[in-house]
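Engineer: Pasting in a structure now, in structure tokens, and then I'll have a few things to ask.
There are 2 protein chains.
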Amino acid sequence: MEIPGVVIARLPLYAQALEALAQKGEEVVSSQRLGEALGITPAQIRKDLSYFGRFGKQGRGYNVAGLLGSIRQILGLDRQWRMALVGVGRLGRAILSYEGFAPQGFHIVHAFDVDPEVVGRKFESLVVRHVRELEETLAQEPVDIGVVAVPPEAAQEVIDRLVRAGVRAILNYAPMTPRVPPGVQVRRIDPVVLLETMTYYLKGQEGVRFLQGRDPLFLR
Amino acid sequence: MEIPGVVIARLPLYAQALEALAQKGEEVVSSQRLGEALGITPAQIRKDLSYFGRFGKQGRGYNVAGLLGSIRQILGLDRQWRMALVGVGRLGRAILSYEGFAPQGFHIVHAFDVDPEVVGRKFESLVVRHVRELEETLAQEPVDIGVVAVPPEAAQEVIDRLVRAGVRAILNYAPMTPRVPPGVQVRRIDPVVLLETMTYYLKGQEGVRFLQGRDPLFLR
Chain P
227 MEIPGVVIAR LPLYAQALEA LAQKGEEVVS SQRLGEALGI TPAQIRKDLS
277 YFGRFGKQGR GYNVAGLLGS IRQILGLDRQ WRMALVGVGR LGRAILSYEG
327 FAPQGFHIVH AFDVDPEVVG RKFESLVVRH VRELEETLAQ EPVDIGVVAV
377 PPEAAQEVID RLVRAGVRAI LNYAPMTPRV PPGVQVRRID PVVLLETMTY
427 YLKGQEGVRF LQGRDPLFLR
Chain H
227 MEIPGVVIAR LPLYAQALEA LAQKGEEVVS SQRLGEALGI TPAQIRKDLS
277 YFGRFGKQGR GYNVAGLLGS IRQILGLDRQ WRMALVGVGR LGRAILSYEG
327 FAPQGFHIVH AFDVDPEVVG RKFESLVVRH VRELEETLAQ EPVDIGVVAV
377 PPEAAQEVID RLVRAGVRAI LNYAPMTPRV PPGVQVRRID PVVLLETMTY
427 YLKGQEGVRF LQGRDPLFLR
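Keeping their order, the protein sequence lines are chains P and H. Here the first sequence is numbered in this note's numbering, starting from 227 and rising by one per residue. Here the second sequence is numbered in this note's numbering, starting from 227 and rising by one per residue.
Below you can see the structure in the form of structure tokens.
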């Protein structure tokens with residue numbers, strides 16, 4: 227059975243909420259309470275989880291550790307994932323030093339750049355290699371995921387190289403939409419795009435406020 | 227007419243692609259070509275844009291600068307947006323120094339933290355204030371958007387304070403799902419959640435590869 231992508235996309239949020247509950251020492255959680263924590267209806271949670279079998283008993287809620295373990299297994303988080311970073315500028319160095327990856331099983335094992343000031347230097351115990359060594363390095367020590375933090379005009383070429391080297395999942399920090407062959411996943415991480423999806427509504431609210439009698443000049 | 231959220235969410239990507247075309251000196255673009263650049267069908271692009279009126283002429287494509295200007299206006303990007311950052315740790319400092327915000331009209335004008343080692347220090351020309359001054363500061367110099375880069379266990383309280391101070395849009399870097407009242411928008415930016423939506427499929431591919439005869443032990 228094909229699981230809808232939106233269901234898969236919600237599972238990491240379930241896992242995160244369950245981890246927070248487990249850290250607080252909670253052993254059981256209702257779909258009601260989990261829904262409140264996530265802003266999702268309890269019916270949606272029960273429906274999402276029903277794709278993967280039976281969890282919890284009617285009226286007794288879910289066992290926090292058990293459900294968390296199952297979701298981590300479904301998502302493939304019961305193993306370690308190897309990543310290659312391309313682009314070790316200011317953003318790339320922030321990514322290298324980000325402490326949120328390792329606890330979830332994500333490890334940057336290679337870092338590449340083209341800048342002669344950066345290639346050969348060590349950041350967070352990784353020596354930066356030149357991008358021209360990318361294919362050879364990944365042939366010898368493969369990775370599962372490529373993390374792209376290069377300027378947008380260099381990103382397509384870098385992503386092409388990663389794909390040629392066998393990488394099938396890309397986390398793209400460059401503000402552009404790359405072309406990739408079928409079977410290669412890309413996730414964009416771009417704060418500006420997220421901000422721009424909110425300003426439309428902020429602008430709308432402003433219009434509403436002004437309509438209610440403040441300054442009609444600002445309406446558009 | 228209510229515009230579907232998915233349409234609004236695609237507009238920043240259109241704007242980004244049109245900016246790249248404009249920088250290359252392109253004056254006209256077909257929905258076909260724009261679609262190829264974005265991995266969206268031309269029909270979808272025409273349908274999305276039809277919500278906002280008539281753009282382009284049948285068979286002649288869109289005027290790049292004109293369409294870009296219209297989309298920027300629709301999204302409210304023809305003005306400047308003021309933001310307050312809460313959390314000036316390692317991540318917060320990377321956000322403060324991120325060069326992608328200002329060219330798109332987003333400006334961090336206040337920064338807050340609770341750490342006595344950080345409060346009073348200057349980063350990127352901003353003096354960090356204590357979080358307890360948040361409400362008073364925003365009452366005097368309001369912002370449109372709050373950017374939250376505090377640890378997950380502190381994030382709900384910070385977001386509550388921002389909302390009480392009148393902020394209606396939150397860009398949340400903390401790995402948690404906050405509760406907010408209706409009318410407040412939150413966008414999560416979390417690389418781990420994005421990675422976790424890919425590993426499900428990577429795991430699947432691995433299963434497929436192994437099914438084709440490599441190592442049945444790894445199947446689950």
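Built from N, CA and C at the ideal position, the CB exists for glycine as well.
Drop a sphere of 10 angstroms on the beta-carbon of Gln242 of chain H, count the other beta-carbons inside from all chains shown, and report buried for 16 or more, exposed for fewer.
Structural biologist: Along the second sequence, read from residue 1 onward, the residue named residue 242 of chain H stands at position 16. Result: buried.
Engineer: Can you tell which of P:Gly287, P:Gly302, P:Leu244 has the C-alpha that lies nearest to the C-alpha of Tyr426 of chain H?
Structural biologist: Within the second sequence, residue 426 of chain H is the residue found at index 200, counting from 1. Among P:Gly287, P:Gly302, P:Leu244, the Cα nearest to that of Tyr426 of chain H belongs to P:Gly302.
Engineer: Between the C-alpha atoms of Val312 of chain H and Ala395 of chain H, what's the straight-line distance to the nearest angstrom?
Structural biologist: Position 86 of the second sequence, counting from 1, holds the residue named residue 312 of chain H. Position 169 of the second sequence, counting from 1, holds the residue named residue 395 of chain H. When rounded, the distance between both Cα atoms is 13 Å.
Engineer: So, at 8 Å on beta carbons, what are the nonlocal neighbours of Ile271 of chain H in its own chain, with the 5 sequence-adjacent residues on each side left out?
Structural biologist: Within the second sequence, the letter at position 45 stands for residue 271 of chain H. Tyr240, Ser257, Leu260, Gly261, Leu264, listed in sequence order.
Engineer: Please report the straight-line C-alpha distance between Glu422 of chain P and Glu383 of chain H, rounded to a whole angstrom.
Structural biologist: As a working mapping, residue 422 of chain P is identified with position 196 in the first sequence. As a working mapping, residue 383 of chain H is identified with position 157 in the second sequence. Spanning the two alpha carbons is a distance of roughly 25 Å.
Engineer: Go to Val412 of chain P, then tell me how far its beta strand (DSSP E) extends in each direction, as first and last residue.
Structural biologist: Reading the first sequence from its first residue, position 186 is the one you call residue 412 of chain P. Counting along the chain, the beta strand (DSSP E) containing Val412 of chain P begins and ends at 411 to 414.
Engineer: Please list the terminal residues of the continuous beta strand (DSSP E) segment that includes Ala213 of chain P.
Structural biologist: Nothing about residue 213 of chain P can be reported from this structure: the residues present for chain P run from 227 to 446 only.
Engineer: Going along the chain, which residues of its own chain have a beta-carbon closer than 8 Å to the beta-carbon of Leu322 of chain P, five neighbours each way excluded?
Structural biologist: Counted from its first residue, the first sequence places residue 322 of chain P at position 96. Cβ within range, chain order: Leu311, Val314, Ile334, Ala337, Phe349, Glu350, Leu352.
Engineer: Report yes if the C-beta distance between Gly331 of chain P and Trp307 of chain P is below 8 Å; otherwise report no.
Structural biologist: For the purposes of this step, residue 331 of chain P is taken as the residue at position 105 of the first sequence. For the purposes of this step, residue 307 of chain P is taken as the residue at position 81 of the first sequence. Yes.
Engineer: Determine the contact status of Leu388 of chain H and Gly409 of chain H, defining contact as a CB-CB distance below 8 Å.
Structural biologist: Within the second sequence, residue 388 of chain H is the residue found at index 162, counting from 1. Within the second sequence, residue 409 of chain H is the residue found at index 183, counting from 1. Against a cut-off of 8 Å, the Cβ pair of Gly409 of chain H and Leu388 of chain H comes out as no contact.
Engineer: Please confirm whether Ala337 of chain H has its beta-carbon closer than 8 Å to some beta-carbon of chain P.
Structural biologist: If you number the second sequence from 1, residue 337 of chain H lands on position 111. Chain P contact via Cβ: absent.
Engineer: Between the region 252 to 281 of chain P and chain H, which residues of the former have CB atoms less than 8 Å from a CB of the latter, in chain order?
Structural biologist: Those would be Glu262, Ala263, Leu264, Gly265, in chain order.
Engineer: Give me, in chain order, the residues of the same chain whose beta-carbon lies closer than 8 Å to that of Val393 of chain P; leave out the 5 immediate sequence neighbours on both sides.
Structural biologist: Within the first sequence, numbered from 1, the residue matching residue 393 of chain P stands at position 167. These residues qualify, in order along the chain: Ala310, Leu364, Val369, Asp370, Ile371, Gly372, Val410.
Engineer: At 8 Å on the CB atoms, spell out the chain P contacts of Phe332 of chain H, in chain order.
Structural biologist: For the purposes of this step, residue 332 of chain H is taken as the residue at position 106 of the second sequence. What Phe332 of chain H touches in chain P: Val418, Leu421.
Engineer: Let me see if you follow: with CB-CB separation under 8 Å, is Thr363 of chain P close to chain H or not?
Structural biologist: Walking along the first sequence from the start, residue 363 of chain P turns up at place 137. No, its Cβ sits nowhere closer than 8 Å to a Cβ of chain H.
Engineer: Determine the direct distance from the alpha carbon of Gln249 of chain H to that of Lys273 of chain H, and round the result to whole angstroms.
Structural biologist: Locating residue 273 of chain H in the second sequence gives position 47, where the first residue counts as 1. Locating residue 249 of chain H in the second sequence gives position 23, where the first residue counts as 1. Those two C-alpha atoms are separated by around 26 Å.
Engineer: Can you find a C-beta in chain H that's less than 8 Å from the C-beta of Arg390 of chain P?
Structural biologist: Locating residue 390 of chain P in the first sequence gives position 164, counting from the first residue. No, Arg390 of chain P does not count as interfacial toward chain H.
Engineer: For Leu294 of chain H, decide whether its Cβ has a neighbour in chain P, counting only Cβ atoms nearer than 8 Å.
Structural biologist: On the second sequence, residue 294 of chain H is found 68 positions in, with the first residue counted as 1. No - not a single Cβ of chain P is within 8 Å of the one on Leu294 of chain H.
Engineer: Does the Cβ of Thr267 of chain P have 16 or more other Cβ atoms within 10 Å, making it buried, or fewer, making it exposed?
Structural biologist: On the first sequence, position 41 is the one that residue 267 of chain P refers to. Looking at its Cβ environment, which holds fewer than 16 other Cβ atoms inside 10 Å, Thr267 of chain P is exposed.
Engineer: Against chain H, does Tyr427 of chain P count as a neighbour if the rule is that its beta carbon must be under 8 Å from one of theirs?
Structural biologist: To locate residue 427 of chain P, count along the first sequence from 1; it is residue 201. Yes, its Cβ sits closer than 8 Å to a Cβ of chain H.
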